Structures are given as C-alpha cells and as structure tokens.
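Counting along the sequence shown from 1, when you hit position 242 you're at 255 in my numbering, and nothing is skipped either side.
Have a look at the structure below before the remarks.
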Amino acid sequence: MVNQGLISIRESLDTLKPTERKVALYILEHPEMVMNASVQKLAEMAEVSEATIVRLARSLHMKGFQELKLRIAADLAKSSNSIGTSYQEIQIDGSIPSLIQSISHNNILSIQDTLAVLSVEDVEKAIESLDRAKRVYIFGVGASAVIAQDFKQKLSRINRWCEMASDFDSQVTLAANMNEHDVAFGISYSGQTESIIQSLEIAKESGATIIAMTKFGHNPVSELADICLFTSSMEQSIRSGAMASRIVQLNVIDILYVGIASRSYEATIQALENTRKAVRGSKRNA
Numbered sequence: 014m015v016n017q018g019l020i021s022i023r024e025s026l027d028t029l030k031p032t033e034r035k036v037a038l039y040i041l042e043h044p045e046m047v048m049n050a051s052v053q054k055l056a057e058m059a060e061v062s063e064a065t066i067v068r069l070a071r072s073l074h075m076k077g078f079q080e081l082k083l084r085i086a087a088d089l090a091k092s093s094n095s096i097g098t099s100y101q102e103i104q105i106d107g108s109i110p111s112l113i114q115s116i117s118h119n120n121i122l123s124i125q126d127t128l129a130v131l132s133v134e135d136v137e138k139a140i141e142s143l144d145r146a147k148r149v150y151i152f153g154v155g156a157s158a159v160i161a162q163d164f165k166q167k168l169s170r171i172n173r174w175c176e177m178a179s180d181f182d183s184q185v186t187l188a189a190n191m192n193e194h195d196v197a198f199g200i201s202y203s204g205q206t207e208s209i210i211q212s213l214e215i216a217k218e219s220g221a222t223i224i225a226m227t228k229f230g231h232n233p234v235s236e237l238a239d240i241c242l243f244t245s246s247m248e249q250s251i252r253s254g255a256m257a258s259r260i261v262q263l264n265v266i267d268i269l270y271v272g273i274a275s276r277s278y279e280a281t282i283q284a285l286e287n288t289r290k291a292v293r294g295s296k297r298n299a
C-alpha cells in the first residue's frame, strides 16, 4: 500500500515546523503544479530552501521529494474515482436526509484516509506483539476509553489476558508493574492526552512494548511508541463528539482483533463458543 501524500501533509500540519508548514500549505493549494516541479522549482515557488522540502518529506516518514511526489500522484488519482475528497460540514439545523448523508460520507472518507496513512508493516508488527504478549494493558480516556473497552472485550472473548484503564491513577499503577513480556496499548487521537503520555512513559521504563493509536504525524504519544498505528479524521463542526475519529479507531481495532484471532484459529473458535455459552443465560430465547 502506498501511503498518500496530500493526506499525510494535511494530517501533519499542526506538528510541522514553520518553514515546513509553509511549503506544506503550498503543496496542498497547488498539488498539480508540484507534480511537474523539481525540488529546486518547488523551493523557488514556495519561497523556502531545498533542504526544507527534504526535511518535510522526512517529517512525513518519506525518503525524499520523489517519494512525496509519487504519493501525491496517488492522491490525485484517487480524487477522480472517490466518493468525494472533502469532508462535509455538519449542519445542526439541516434536514434528516442531509444529516444521514454528511455523517456517513465523513465516516467513509475517514476510513479511506486512514488506509492511506496506516502502515501494513506496523499493523503486522502490532498483531505479532499482541499475539505473543503475556499481558496486554489498554489505556484510553474519554471517547478513547470506549475504543479501549471494545478492544478489551474482544481480547477477553478469545482468552487473551488484558486489562483496561481509563483514569490516570489506574493507568500509571498498571504501567508501573509491567515488564518486557507485556504490551501497553495507548489510544489518543490527539496524541496529547497527558495521562496516556505519562502511563506510556512509565510502561516504557518498565520494559513493555508500546503500541499507540493516534493521528498521523509527530506528537508525544507517537514518539513514545515502538509501533504506531496512525489514523486519519478531520472532525468538522462537532469536534468534541469524536465521531469519525471513533469510527476509524474501531476499524483498526477490528483489524487487529481478526489478525490476532486468525493466528490460533481453532483455539479462537473454542474460546468464542465457551464465552457464547457462558452469556447465553442473559439473553432471551438464546
């Protein structure tokens, strides 16, 4: 999978240095022109140094300007076949049909954009680390705690030892007792949640493998991670609702869950059957 360039740039804007941000904004405004420009020409048009363009590419986890151009080309190709490349503003007083369309459109687009920044190699590493871990500790706060609880429920159903914490005291207490056989899985879309940062720091000092799920780019959570699973979502007017970002995080969790479950298929099926029987009494006509 080729991670696309314009999506990576857009997701990283808030974390770029001023000169890198300057050329990034120029690329977002003139992607077609960039495709036909050399690094020297782009530096001239954006009024930055050639070194700044190289640094931008590296900040985006790319080898250089040529790789950046290749990924921008993938974005431009996508735009001609996409359901639409712009997130729709949600109108609180709009009609129900428009509400259905705009929210569904944004969720679908967020999943598509996440596929552009989610590394297949890192997904494979995450599945491997989670599969061999003795214990898995999942940390999330607020909306991210909902994602963390979902992952814990899934892992518990296939007989994997895991614990979930959604408050600071619980997170750092669990982190302090981790070791090199454990995995700490931190969820923070912003990458700035203080309790997640501190608990992952402690877990790292304890020797645990750190997996983070956060938005694309450099942030305190991604920089702590041994394995980073990047997601993409441009929340619009109702940012506090964490709508599209929640959908893409759940999608990644499902990918990890199926990846882990498929490694021990027979044992997974037996564990799922055992738990299904255990909860049967709580359901009418089960």
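Note that beta-carbon positions come from the ideal geometry of N, C-alpha and C, so glycine has one too.
All of these numbers come straight from a predicted model, not from anything done at the bench.
So what's residue i in DSSP terms, helix, strand or just coil?
{"i": "residue 225", "result": "strand"}
{"i": "residue 173", "result": "coil"}
{"i": "residue 238", "result": "coil"}
{"i": "residue 274", "result": "helix"}
{"i": "residue 252", "result": "Low confidence applies here, because residue 252 scores a pLDDT of 46, under 50, leaving its location unreliable and the question unanswered by this model."}
{"i": "residue 195", "result": "strand"}
Which whole-angstrom value is the C-beta distance of residue i and residue j, which I expect to be below 8 Å?
{"i": "residue 154", "j": "residue 209", "result": "6 Å"}
{"i": "residue 200", "j": "residue 263", "result": "Not a contact, Cβ separation roughly 11 Å."}
{"i": "residue 25", "j": "residue 220", "result": "Actually they are not in contact, since the Cβ atoms of residue 25 and residue 220 sit about 30 Å apart, beyond 8 Å."}
{"i": "residue 179", "j": "residue 240", "result": "The pair is not a contact, with the Cβ atoms about 22 Å apart (cut-off 8 Å)."}
{"i": "residue 123", "j": "residue 245", "result": "6 Å"}
{"i": "residue 20", "j": "residue 126", "result": "5 Å"}
{"i": "residue 273", "j": "residue 144", "result": "5 Å"}
Tell me the rounded alpha-carbon separation between residue i and residue j.
{"i": "residue 84", "j": "residue 222", "result": "30 Å"}
{"i": "residue 41", "j": "residue 61", "result": "15 Å"}
{"i": "residue 37", "j": "residue 22", "result": "6 Å"}
{"i": "residue 66", "j": "residue 186", "result": "43 Å"}
{"i": "residue 138", "j": "residue 109", "result": "42 Å"}
{"i": "residue 57", "j": "residue 167", "result": "52 Å"}
{"i": "residue 252", "j": "residue 156", "result": "With a pLDDT of only 46 at residue 252, under 50, the local geometry of the prediction cannot be trusted, and the value read off the model is given with reservation. Distance between the alpha carbons of residue 252 and residue 156 is about 12 Å."}
{"i": "residue 134", "j": "residue 33", "result": "27 Å"}
{"i": "residue 283", "j": "residue 289", "result": "10 Å"}
Comparing C-alpha positions only, which one of the options sits nearest to residue i?
{"i": "residue 205", "options": "20, 281, 28 and 18", "result": "28"}
For the ligand HEM, is there a heavy atom less than 7 Å away from the beta-carbon of residue i?
{"i": "residue 77", "result": "Annotation note on the ligand HEM: not contained in the displayed structure, which lists no ligands."}
How about the stretch 166-178 and the stretch 104-121: do they share at least three Cβ pairs that are nearer than 8 Å? no
Quick one: any contact between the stretch 182-195 and the stretch 141-159, if contact means 3 or more CB pairs under 8 Å? yes
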